[in-house]
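Visitor: Be aware that the sequence shown starts at 14, since it is given in our numbering, and climbs by one per residue. Just so you know, even glycine gets a beta-carbon here, dropped at the ideal spot from N, CA and C. Below is a structure I'd like to ask you about.
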Amino acid sequence: MLIRLKDLKSLDAVASDESRHNVTDLFVGKDHRVTHVVVDIGSWFERQKCAMRITVFEQPDVAEGVWPVKVAAADVEAGEVVAARAPEDAEVEPGMLSQAECELADARSSADLHRVGRLLDADVMGSDKLAGSLMDVIVDTDGWHIAMLVIHAGPTDMEHQRVIPVGMVADIDWSTPRITLSCPESTVDSSPELHEMGDRIEGKWYNKVLGYYGLG
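Right under this line is the structure:
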C-alpha cells in the first residue's frame with residue numbers, strides 16, 4: 014500500500030492492550046527504508062516520545078483510522094527492547110536504540126538514521142536550480158520504504174504539488190536540510206501532480222509517475 018506520511022500521522026497507533034497513541038514521525042536509514050516510528054506514549058500529562066521499531070507495527074487500517082501495534086504500552090514504558098526514547102531535537106543517539114541494536118553498531122551506525130520530519134519544507138534542488146520545497150513523502154508499506162516525494166513547485170498556491178520518485182534523489186543533506194535531484198527543474202515542473210491520484214494512491218497512478226521519469 015502507498016500512503017502519505019501526512020495520512021500515517023492521522024492514524025492512532027493502537028497497542029495490543031487497546032490503548033491509543035499519536036504517531037508523530039518516522040525514522041529512515043540511508044536506503045530510505047523506514048526503521049522506527051515515533052509515537053507519543055503515556056497519559057496527557059506524562060507523554061514521552063518513543064522510537065518504536067517498524068517490525069512491531071502491522072499494516073495500517075486507513076478505513077478504521079488505526080495502525081495496530083503488536084506490543085502493549087506498558088512494555089514500551091518499561092523500556093523493553095521494542096522501543097527507546099526519542100527526544101524532539103532529532104538525530105538518533107546510540108542510547109535510543111535497543112541493546113540488541115547497539116551491539117550491531119559495526120553494521121549500522123546510529124548516525125545513519127534520520128527523522129523524516131526534519132526534511133519537511135526543505136529546499137528541493139533540481140540538477141540546475143531550485144525546483145521547490147518538500148511538502149510530504151509517500152511511503153510504500155509493503156517494503157516500508159519512502160517511495161516518492163511530494164514537492165510544492167509553485168510560487169504560493171497549493172495546486173503545484175508535484176510527485177517525484179525517490180529514485181530521482183541524488184543526495185540528501187540532512188544537516189541543512191536540502192534535497193538534490195538528478196533531473197532538472199523543468200522536468201519536475203511538468204511532472205504528474207498529486208491531485209491526479211484522487212483519494213487513494215493506486216498502482217496505476219504510481220506506475221504513471223515512474224513512467225514519466227523513465228523508471229517504470
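1) Alpha helix (DSSP H) containing S199: first to last residue?
2) Should M14 go down as buried or exposed, given a rule of 16 or more other Cβ atoms within 10 Å for buried?
3) Measure the alpha-carbon distance for K221 versus I16 and round it to whole angstroms.
4) Helix, strand or coil: which one does DSSP assign to A103?
5) Decide yes or no for the touch test of the stretch 179-190 against the stretch 129-140: beta carbon pairs closer than 8 Å, at least 3 of them.
6) Within the same chain, show all residues whose beta-carbon is closer than 7 Å to that of V36, passing over the 5 residues directly before and after it, in chain order.
7) Just list the residues that DSSP pairs N35 with in beta bridges.
8) Are the beta-carbon atoms of L194 and V137 separated by less than 8 Å?
9) Leaving out five residues before and five after A28 in sequence, what residues of the same chain have Cβ atoms less than 6 Å from its Cβ?
10) What does DSSP give as the partner residue(s) for V47 in the beta ladder?
11) Whose C-alpha, out of G145, L39, A135, is nearest the C-alpha of T154?
12) So, is G78 buried or exposed, given that buried needs 16 or more other C-beta atoms within 10 angstroms?
13) Is it right to say P197 is buried, meaning 16 or more other beta carbons lie within 10 angstroms of its own, or is it exposed?
14) Can you name, in chain order, every residue of its own chain whose Cβ lies under 7 Å from the Cβ of A183, other than the five neighbours on each side?
15) Would you identify the three-state DSSP class for V179, choosing helix, strand or coil?
16) Give every residue of the same chain whose Cβ lies closer than 6 Å to the Cβ of G145, excluding the five residues on either side of it in the sequence, and list them in chain order.
17) On the three-state DSSP scale, how would you describe G78?
Guide: Taking the definition as stated:
1) It spans 198-202 - the alpha helix (DSSP H) in which S199 sits, taken as one unbroken run.
2) Exposed, because fewer than 16 other Cβ atoms sit within 10 Å of the Cβ of M14.
3) In a straight line, the C-alpha of K221 is about 16 Å away from that of I16.
4) No answer about A103 holds up, because its pLDDT of 36 lies below 50 and its placement is not dependable.
5) Touching, yes.
6) Sequence-distant Cβ neighbours of V36 in its own chain, meaning closer than 7 Å and more than five residues away, are L21, K22, L24, A26, V50, V52, W80.
7) Answer by DSSP bridge pairing, in chain order: D25, D53.
8) Closer than 8 Å, so yes.
9) Closer than 6 Å at the Cβ level, and outside the excluded window around A28, lie V82, A85, A86.
10) Beta-bridge pairing links V47 to V41.
11) When the alpha-carbon of T154 is set against those of G145, L39, A135, the nearest one is in L39.
12) With fewer than 16 other Cβ atoms within 10 Å, it is exposed.
13) Taking a 10 Å sphere around the C-beta of P197, we find fewer than 16 other C-beta atoms and assign the residue as exposed.
14) Result list for A183: T193, L194, S195, in chain order.
15) If DSSP states are grouped into helix, strand and coil, V179 belongs with the helices.
16) Cβ within range, chain order: V137, I164, H165, A166.
17) DSSP places G78 in the coil class of the three-state scheme, outside both helix and strand.
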